[in-house]
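Read through the structure below, which is laid out as structure tokens, and then see the notes.
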Amino acid sequence: MPPKDGDFINFSQDFELDYVLGHHLARDESQANRTLLVQIGDAYKKDKKVDRAKHEKPFYDYVRKHALFVKMT
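Heads up: the sequence shown begins at 5 in our numbering, then just goes up one per residue.
This is how it looks when you write it as structure tokens:
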């Protein structure tokens with residue numbers, strides 16, 4: 005079965021970024037954190053050579069190991 009749109013993170017939607025920040029990364033749902041998450045998402049897509057990031061553990065692990073993660077509150 006092919007993946008559904010809901011399987012992927014939409015980095016242009018604040019509510020979706022807030023969900024990732026609050027539920028998966030235990031970070032504040034702030035504009036500063038959303039901006040950092042978008043930057044990390046861009047780096048992930050470039051590093052992994054993919055067009056979209058999935059709501060999956062490998063992405064969340066990547067975020068936690070990224071240098072910008074420590075700047076999140």
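Yeah, the Cβ is synthetic: ideal placement off N, Cα and C, and Gly gets one too.
Simplified DSSP state of residue i, which is helix, strand or coil
{"i": "F15", "result": "coil"}
{"i": "K53", "result": "coil"}
{"i": "K8", "result": "coil"}
Burial state of residue i (16 or more Cβ within 10 Å)
{"i": "M76", "result": "buried"}
{"i": "A30", "result": "exposed"}
{"i": "N14", "result": "exposed"}
{"i": "A57", "result": "buried"}
{"i": "F63", "result": "buried"}
Option in the options with minimal Cα separation from residue i
{"i": "H28", "options": "E60, P6, Q17, F12", "result": "E60"}
{"i": "D65", "options": "R38, Y48, K53, P7", "result": "Y48"}
Proximity of residue i and residue j at Cβ, strictly below 8 angstroms
{"i": "L25", "j": "I44", "result": "no"}
{"i": "D51", "j": "E33", "result": "no"}
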